[in-house]
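Residue numbers 1 to 369, in the working numbering, belong to the letters of the sequence shown in order. What follows is a short report on a single structure.
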Amino acid sequence: SVTSLQISDLDPAIIKNLSCPVLMVAKAKDMSTEDVTSRISVGMESLLSKSCEVISVIVNRVASADQGKEIIARLKEQEMCKDLALFAMPEDAIIGQPAVSEVATALNARVLFGEEDMYRHVSGFIVAAMHLHHFLSRIKSGTMVITPGDRADILLASMASFSSDRMEKISGIVLTGGQIPEDTVMELLQGYADMIPVLSVDMDTYPTAVAVENLRFNMAPGDERKITRALALFEENIDVEKLGELIVSAESTVMTPKSFEFMVMQRARELKKRIVLPEGQEDRILMATEDLIRRKIVDITLLGNKEAITQRIGQLGLHMGDVEIIDPETSPHLEEFAKTYVELRKHKNHTMEDARDRMLDLNYFGTMM
């Protein structure tokens, strides 16, 4: 990865001894087009001077599609880059966002509630030390609320906003000062069916706010949502087939689990089928659906109560675009499927009323689709 103006002598030596081609990745975040192209040029000169074979350059985290195109155009003007496979990948804010679990670890926080939802991503922080009505107007999707531990009004309002379909969904709450809510408030919170993470730290509010602003987060190995998003970003902006052809000489003849997964995903993407999932209100199904849609592997239809599914998607902080949701009770296909079912089972003398009842079962309805 080219992040400085110099590549160490050790890197080319390792590359040559392993007979490996070089795929250069250059970071463009917070850099001008001139700076990025200059760094890539210096890196290329260093590698070529040591007889290393560079097959491609990926410019990562460009500010916009226009900047990416401009960088590639300028590199194409250079003799040493004109025949290379050049790609640009845009900055993705969500990939750079920490999960609540990472914030908790960094702050050495205790988890009071919502331990099963620590995967949520945090888009920013809001310090809630103001009056309640001012606080409610500042709630944004994905933000994490920092408030003194004795501010039960802020805590309860945060929980109420999360349960409301009129408010954006926060990702969690940090209670400061080493204080936790009184027993009556804790008992009330325990009754919430959908609980977001609530953390407690010993630091006061201001030091906590300063601490989170200075934190730097990386992609954690267990953050499946962020990893899936990064994979999707790569697949959308890189010609994987072309890149694969360029490095084919370095390919292993062993079919590893990851290479097998890649092959299966590529085949599924080419065939692009639609999957009907009757378990549309189950969290694990919704999270898997987000992964599949994001990577454009299949089209998905979820079965169940549309309002309940949509609300749960929001509560889980998932992004599914315009995923199709069908409620059998209101579907125009209910009668059609019931008639078909009666015809298929006419030897068992099923009535239309019985068939309608069967079609309200999500598994039966999904099978008929």
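Just so it is clear, CB atoms sit at the ideal spot from N, CA and C, and this is done for glycine as well.
Closest to residue i by CA distance: which of the options is it?
i	options	result
Y364	Y341, H350, T351, D117	Y341
H121	A99, Q311, M186	A99
F135	L316, T228, I170	I170
L112	T228, K140, G178, V57	G178
K242	R39, D150, F87	F87
S46	E34, S64, A65, M80	M80
A65	Q266, E236, R151	E236
P197	N214, A211, E102	E102
D357	I173, E335, A230	E335
L344	M368, P332, E353, H333	M368
E270	R295, G280, L277	R295
S158	A109, M195, S123, H347	M195
L189	V201, E213, L107, A160	A160
V36	H319, V276, V59	V59
P221	L199, Y119, L316	Y119
I173	G191, L246, D150, E187	D150
G43	V57, T33, M31	V57
L199	V185, L316, T105	T105
A211	L107, A129, V248	L107
M265	G280, V248, E245, V240	V240
G244	N305, A85, H133, I154	A85
Q315	D183, Q281, H347	Q281
L132	P332, I154, E115	I154
Let's see if you can read the secondary structure: which residues bound the beta strand (DSSP E) around residue i?
i	result
A160	First-last for A160: 152–163, but that is the alpha helix (DSSP H), not the beta strand (DSSP E).
A128	Element bounds for A128: n/a, residue is neither H nor E.
G172	172–176
D299	299–303
R274	274–277
E182	It is not in any beta strand (DSSP E) - E182 carries neither H nor E in the DSSP assignment.
S200	198–200
S393	Nothing about residue 393 can be read from this structure; the chain reaches only from 1 to 369.
F113	110–113
V145	143–148
I326	324–326
K29	Per DSSP, K29 belongs to no beta strand (DSSP E) and is neither H nor E.
Spatial neighbours of residue i within its chain, please: CB distance less than 6 angstroms, with the 5 preceding and 5 following residues excluded, ordered by chain position.
i	result
T253	Any reading at T253 is ruled out, since the residue's pLDDT is 42, under 50, leaving its predicted position unreliable.
A209	V127, I146
N349	none
P148	T176, G177, T205
F217	P98, E102
D165	Q311
F238	With the sequence shown as reference, residue 238 is identified as Ile, and Phe is not the correct amino acid for it. Taken in chain order, the residues that qualify are F87.
R110	S200
Apart from the five residues on each side of it in sequence, which residues of its chain come closer than 8 angstroms, Cβ to Cβ, to residue i?
i	result
K273	V298, D299
A338	M352, A355, R356, R358, M359
M219	I95, K226, I227, A230
G124	K140, G142, T143, M144
T33	Q67, E70, I71, R74
I180	L112, G149, M186, S200
F162	K169, I170, D194, I196, Q315
Once the 5 residues before and after residue i are set aside, which same chain residues still bring their CB inside 7 angstroms of it?
i	result
V323	T289, I293, I300, L302
D291	T228
K29	R61, E91
A232	R294, R295
G366	V276, P278, L303
A268	I297, V298
Provide the residue span of the alpha helix (DSSP H) that contains residue i, from first to last.
i	result
E213	205–214
M352	352–359
E241	240–246
M89	It is not in any alpha helix (DSSP H) - M89 instead sits in the beta strand (DSSP E) that spans 85–90.
T340	334–344
G314	306–315
Q67	65–76
A288	283–294
R120	No alpha helix (DSSP H) holds R120; DSSP gives it neither H nor E.
S101	100–107
A220	It is not in any alpha helix (DSSP H) - A220 carries neither H nor E in the DSSP assignment.
T330	T330 -> no alpha helix (DSSP H), and no H or E assigned at all.
L318	Careful: L318 lies outside any alpha helix (DSSP H) and carries neither H nor E.
A230	224–237
G366	362–368
Kindly examine the ligand NAP and report whether one of its heavy atoms sits closer than 7 angstroms to the Cβ of residue i.
i	result
G244	In the structure shown, the ligand NAP is absent, as is every other ligand, since no ligand is present at all.
Could you confirm whether any beta carbon from chain D is found closer than 8 angstroms to the beta carbon of residue i?
i	result
A230	In the structure shown, chain D does not exist; there is a single protein chain.
Query raised in the report: Is it true that the stretch 140–149 meets the stretch 158–175, where meeting means three or more beta-carbon pairs spaced less than 8 angstroms apart?
Result: Short answer: they touch.
Query - contact_flag[the stretch 306–314, the stretch 277–287] where n(CB pairs < 8 angstroms) is 3 or more - result: The stretch 306–314 vs the stretch 277–287: in contact.
Report task. Flag this pair as touching only if the stretch 348–366 and the stretch 314–332 have three or more C-beta atom pairs under 8 angstroms; answer yes or no. Result -> The stretch 348–366, when compared against the stretch 314–332, does touch it at the 8 angstroms Cβ threshold.
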